[in-house]
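A quick write-up on the structure given underneath.
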Amino acid sequence: MSEWLIYRGTGEPDPERIRELPPPPPWRNFEGGPAVAAAPPIDAASKRRLGERAVPLPTEDKEALQLINAALYLRRPLLVTGEPGSGKSTLAHAVAHELGLGRVLQWPIVSRTELKDGLYAYDAIGRLQDAQLSRHSGESGGPTGRSGRGSGGGSGGGPEDDIGRYIRLGPLGTALLPRELPRVLLIDELDKSDLDLPNDLLNALEEGEFGLPELERIADRPGQEEVAVLDDDGRRVSVRGGRVRCRAFPFVVMTSNGERDFPAPLLRRCIHLHLAPPRDERLAAMVQAHFGEGADEQYLDLINLFTQGARAGELRPTDQLLNAIFLTQYAARGAIGSREVIADLLMRPLDQRQR
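As structure tokens, this is what we get:
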């Protein structure tokens, strides 16, 4: 069965495997280009989540592996649900780490988030301020006066004539840039959005492209057919004709804690994966990833305390266990009984009512 799997959940990097991914189905084939530079390497955000090594998926969790690979093959977003602390957002970092797809683009969602926040931002106020400074300097005979020439080729010659200086692509906009290999995009806690955002996402995720009206408006002017803007990585990238068109559709992970239902049009365009909380082998591997080889045996008493409560139906995110292990290394040193007291304080269930 493993022959067709691109992502195998081993936790071991194998960046050549992504190149074995076959062409997309005709209805998910995108032709943006030319391709921009490869993604930068994974950053501290991934290292914080994965620890010293990525936690492998349990060998018996074949359904999760199949669904993750289905999203890769079909070029569809992966909607991941589960309890807090079940590893939903970590999954995006694990895929990027194992397949060598570089830094994970992260878009955290709040109730005020709009689609444009993920696509791009245009600093019109900053451009106006620079124009005023440029005019003032020109009237004073400074070096940026009207006789100079800016990189945008405008008549004023000031920095404000280069409109690309004032546009920065967001995480979603950067993910849709044309690349040879897919970027990994984490849309975190989509269920916290307002009612409109899931529907607003449909077109961008279905078509794999979007327009920047500020650039489309000037695309027919000489020297403005191609404009360099900043992406979410802080790099300058070229946008042609005022539109961003993807080439390799990004691997999109959308997480939800189940606080709301999503519209059917979004659900039918996603692959749905429900992650159970980490237990047994997966939990032990997670402890070893953050605290070293053999840590699962060293802190077996805390792991058992955590799993007993979780199996009793208490809502206990894995962060509580990791926090308890870390703190007891210091606060409980040499103190009889304090280890259990501290662990009990930190591992109170989230659904326990305060009295």
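Remember, the numbering used here sits 2 above the position in the sequence shown when you count from 1. Every residue, glycine too, gets a C-beta built ideally from N, C-alpha and C.
- In the three-state scheme derived from DSSP, where H, G and I count as helix and E and B as strand, F328 is classed as helix.
- For the alpha helix (DSSP H) assignment, the uninterrupted runs of no fewer than 4 residues enclosed by the segment 204-243 are, from N- to C-terminal side, 215-218.
- Annotation for I220: Q226 place their beta carbon closer than 6 angstroms to its own, counting only its chain and skipping 5 residues before and after.
- Of the residues assessed, L130 falls on the exposed side of the cut-off, its CB having fewer than 16 other CB atoms within 10 angstroms.
- Around the beta carbon of W29, fewer than 16 other beta carbons lie within 10 angstroms, which makes this residue exposed.
- The three-state secondary structure of M256, taken from DSSP, is strand.
- Beta-bridge annotation (DSSP): H276 is paired with T83.
- Each of I273, D132, L192, D202 was checked against the Cα of Y168, and the nearest Cα belongs to D132.
- With a cutoff of 8 angstroms on beta-carbon distance, A66 and E100 are scored as not near each other.
- Here DSSP, grouped into helix, strand and coil, assigns R247 to strand.
- Distance from the CA of R242 to the CA of I165, rounded to the nearest whole angstrom, comes to 13 angstroms.
- DSSP links R170 through a beta bridge to A123, L232.
- Its chain contains R10 as the residues whose beta carbon lies nearer than 7 angstroms to that of S4, once the 5 sequence neighbours on both sides are disregarded; these appear in chain order.
- D190 sits in a strand when the DSSP states are folded into three classes.
- Per DSSP, the unbroken alpha helix (DSSP H) holding P267 starts and ends at 266-269.
- With contacts defined by Cβ atoms closer than 8 angstroms, L187 and D233 do not form a contacting pair.
- The alpha-carbon of A73 is positioned some 14 angstroms away from that of N31.
- Residue burial annotation: T12 is exposed, with fewer than 16 other C-beta atoms found within 10 angstroms of its C-beta.
- Ranked by how close their Cα comes to the Cα of N325, the residues R313, S340, I344 have I344 in first place.
- Annotation for L117: D202 place their beta carbon closer than 6 angstroms to its own, counting only its chain and skipping 5 residues before and after.
- Taking a contact as a CB-CB distance under 8 angstroms, the pair C248 and G34 counts as one, their CB atoms being some 5 angstroms apart.
- Taking 8 angstroms as the cut-off, the beta carbon of R77 is found closer than this to the beta carbon of P26.
- DSSP places P110 within a strand segment (E or B) once states are collapsed to three.
- Secondary structure note for A66: its alpha helix (DSSP H) is the uninterrupted segment 64-76.
- Look at the beta carbons and you see the segment 189-209 not touching the segment 273-280: under three pairs across the two are nearer than 8 angstroms.
- Between the alpha carbons of F212 and L183 lies a gap of roughly 19 angstroms.
- Within the same chain, and ignoring the five residues on either side of E54 in sequence, the residues whose Cβ sits closer than 8 angstroms to its Cβ are A291, H292, G294.
- Of all alpha-carbon atoms in E18, E216, K49, the one lying nearest the alpha-carbon of Y124 is that of E216.
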